[in-house]
Every structure is written in structure tokens, then in C-alpha cells.
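Numbering (our numbering), first residue to last: 12 to 468.
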């Protein structure tokens, strides 16, 4: 009778489309080599009651000190490489392009860079150029501090680490970057030129997901979306407003991967991926790199461009990390970072001029909107209805460069880049007038993180 205890497994003996919330099942066990796997089989009993609790409100204590490490640094430079589908370029070359552009944008020389931070460090399957070490070697950097790690509060964790290093006095100019080459890797894998690492047995967190076919974030984010639909009455049309808005913004962004018009009808008619997601609910695998320079506050004053300040970050973990044992009505790991963010700033949602919310899937955005308090829990669907609120001229312009849904999956760093572009007033056709406060979130089903960027006054 404990609602916090869940048994997760596959349903057998029923067509997928017939599976519904409240389906009564029995459990049997089936041997698979040296393990026994529980399986659910439907019974003839009528549908039962189902109740999955929404995320509990999180109360964060105010920082024990009024001093915030975020205020010791600032963003002084940004750079972005060529971005596209199947560029067939070595990923390190993309990294170098973005990093050189960011250093030049900050008005610095490579010899000024004394810190390096990246997410996720070394990673396979097109998710990394190899980590910080290859970039340090390629540019002949001599940092006094470097960091590359996947276990951070989302991809923005690289910036958080850089800010901490600057605040601690380890360095004065940190080069943060993120590189992906998923589109090229997939092409090379199809041609047999590269192979996906790994054997027949999964390990770590993947070992808990593999038996259920839940190796992709699409699986568990879609599960949460289905719960949200059933509990709150959210509709595909409401979720589609996010995808249509992203494409409209991408049409004004010359760097976006997809810029052709997308209508709500196009969205609804797209091929299914995993219920309730269709093709346009999912972001676009691409190749590209983004780099950001974080400088000590006193060293940021004489840069060519006005610095962009980081007012506060949110990095807390407040619910279970397991994909099936934590939050089931929203993207996991959004409530904690959101509550933590607002505990570290005097700003409030009404002060935000634009939001760059992680959109690996449309539902990610909806989850962040609710967790951050732009609307109430369960109210995201009606709040998004028609898309007017999130348009460039709406009350909360969302993912102004097209986000990952249309501009390309740069794993959060594209959103960071766009936030700085907007706060500098460099958005061109997509510029939000008078933008002074931008909110950025990253994550995507893993521990999330968020930050408030502001213009220097």
C-alpha cells in the first residue's frame, strides 16, 4: 500500500495500443540467463484506480551566506562553429572553431585562457570530441585548472564549474565548451566505419533501463508526458505550440538546422516516435560546437563587449534519480533546480524577459514552465494554448533561436549561446526588445540545472 514503492517491467500478452493507465495486471517471472525478469500480464478485471502524485513543493533554505559565487564571474565571450546535419567533419575541428571564436569575441589571446571546462568530458556515440584534454593539446593551452565531467547539474554544469573556479581564484578566464557530432556518427555507423561501444551486458544506470527498452530519454520523458496528459487533460495540440513556435523562431535564425515553416497540422500528422511523441516533439541530432568564456568580474570590465552576468544558478537534486522511481508527471529533475534558483536571487518569474528552456522534447519545456512557476502545476497545457504567450512578442518569448527542436541539438549550449545573443541585442530579426533578464535550463532527463543571466548595469 506504499505509493512510493513501484515495480517496473514490461507488459506482455496485449497490444501496445491497448495498454492504458489503470490496467490491472498479474506478475510472473521469466528466466533470462542468470536473472529472473518480472513480467506483467493483463487480467480480465475492470480498470482500477490510478494515482501518481505530482512533484511535491520544494522549500530551499536561503544560502547560508549572502555572498554568491556567481557574482565573481561574468560571460565575456561566445563562439559557435558550423552547425548542421552530417557535416562529416572531425569533432575536434568543430570544437577548435567555436573556442577560437569565443576567445576572440572576449578580446583575449589563447595565452590568457587559464581554465577549461566541458560537458560531458569523454563520451561515445558522437556525444563528445574527447573531453578537455584534446582541446588543451590542440590549442597548446596551459591551464591552471580544467574539468570535464558528465555528472553535473545538466550541461550548464560546465559553466557552474567555471564560475566556481574563478570564484575560488584558481583561474581568471575559463573556456567552457560543448561539442556534438551525433549526425555524422550515425551516418558512419550505418556505413560500418564506426561502431557503438559496449557489449551484450549493460552496466550502471543503463542496467536498470535496458530490460525495459528504456535506453533513450524519449522513453521515460514520454512516460511522464502520458501521465501529465491523463492527470491534467493536456493535449497534443497544446504541446504542439512549443514545436511550432520553435520553428517560427528558427526561420529568423540563419544558423538553425531547420528553417522551413511548420504548421500545427504538420506537427499532428508527423510519424509517431513513442506515445505521445511524434517526430516534431523530438530535437534534431546535429554536428556543432559552442564555446563560452567566463572571466573574473574585475577582468570582465575591459572586454570588447559588455559582460553578461550570472545572477543565480539552480543545481539542487530534490527527487529520486532513478528513471522510474522519481517524478512521473513531469520531466525528472526540474523541481529541485527551479526551487534552488529562486532561493538564490531576488528576481522572480515576472522579471524574466525571455526563456531558453531545454527542449530535447517538447514536454521538457512544459515541465520547466510549471516547475519554474510561470504557471501552476498541471496548468502548462492551457497556458501554452495557441502559442501566443511564448511567441517573440508574447509575455515569455521561448527558445528564440529555434531551440533544439529546430536549431539543432547542441545539448543546452545552443540555448546558452542564444541567451547571450539576446542580452547583447544581437538577435536581429528575432531580437526581443529591451531584453535584460534571460532564464536558461539544461538537463533532459538527467540531473538538471538552470541559471539567470542579466545585462551589466
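Beta carbons are placed, not taken as given, at the ideal position from N, Cα and C, and that holds for glycine.
The stretch 125-137 makes contact with the stretch 179-192; the number of CB pairs closer than 8 Å reaches 3 or more. DSSP places residue 325 within a strand segment (E or B) once states are collapsed to three. By the CB criterion at 8 Å, residue 85 and residue 301 fall outside the cutoff.
Excluding the 5 residues flanking it on each side, residue 117 has same chain C-beta neighbours closer than 6 Å at 87, 88, 304, 314, in chain order. Between the C-alpha atoms of residue 199 and residue 98 there is a straight-line separation of about 11 Å. The count of Cβ pairs closer than 8 Å, one atom from the stretch 343-358 and one from the stretch 378-397, reaches three, so the stretches are in contact. Counting only runs of 3 or more residues that sit fully inside the stretch 271-331, the beta strand (DSSP E) segments are 283-285, 298-307, 319-325, in chain order.
Residue 172 has its alpha-carbon roughly 12 Å from the corresponding atom of residue 161.
For residue 81, the closest of 400, 174, 40 by C-alpha to C-alpha distance is 174. For the pair residue 335 and residue 31, the CB atoms are not nearer than the 8 Å cut-off. In the three-state reduction of the DSSP assignment, residue 187 falls in the strand class. Per DSSP, residue 428 lies in no beta strand (DSSP E) segment; the continuous alpha helix (DSSP H) that holds it begins and ends at 424-435.
Counting other Cβ atoms within 10 Å of its Cβ, residue 122 stays below 16 and is therefore classed as exposed.
Counting along the chain, the unbroken alpha helix (DSSP H) around residue 351 starts and ends at 346-354.
Contact check for residue 451 and residue 167: beta-carbon distance about 7 Å, within the 8 Å limit, so the pair qualifies. In this structure, residue 324 and residue 461 form a Cβ contact; the two beta carbons are roughly 7 Å apart against a cut-off of 8 Å. Residue state for residue 106 is assigned as helix, using DSSP reduced to three classes.
A direct Cα-Cα distance of roughly 43 Å separates residue 227 from residue 468. Residue environment: residue 33 is assigned as exposed (fewer than 16 neighbouring CB atoms within 10 Å of its CB, all protein chains considered). For residue 77, the number of other beta carbons within 10 angstroms of its own is below 16, and it is reported as exposed.
When the beta-carbon positions are compared, residue 372 and residue 288 come within less than 8 Å of each other. Using a Cβ-Cβ distance cut-off of 8 Å, the stretch 106-120 and the stretch 137-149 are in contact, since at least three pairs of beta carbons, one from each stretch, lie closer than that value. Annotation for residue 230: 224, 285 place their beta carbon closer than 7 Å to its own, counting only its chain and skipping 5 residues before and after. Nearest Cα to residue 277 within the set 252, 112, 137, 156: 252. In the same chain as residue 154, and ignoring 5 residues on each side of it, the C-beta atoms closer than 6 Å to its own belong to 125, 126, 127, in chain order. Under the three-state reduction of DSSP output, residue 166 falls in the coil class, being neither helix nor strand.
The beta carbons of residue 374 and residue 250 sit about 6 Å from each other, so the pair counts as a contact at 8 Å. At the C-beta level, residue 454 and residue 367 stay beyond 8 Å of one another. Between the stretch 266-276 and the stretch 406-419, the count of Cβ pairs shorter than 8 Å is three or higher; the stretches touch.
Nearest in C-alpha terms to residue 297, of all of 279, 136, 342, 272, is 136.
Sequence-distant Cβ neighbours of residue 430 in its own chain, meaning closer than 7 Å and more than five residues away, are 367, 449, 451, 464.
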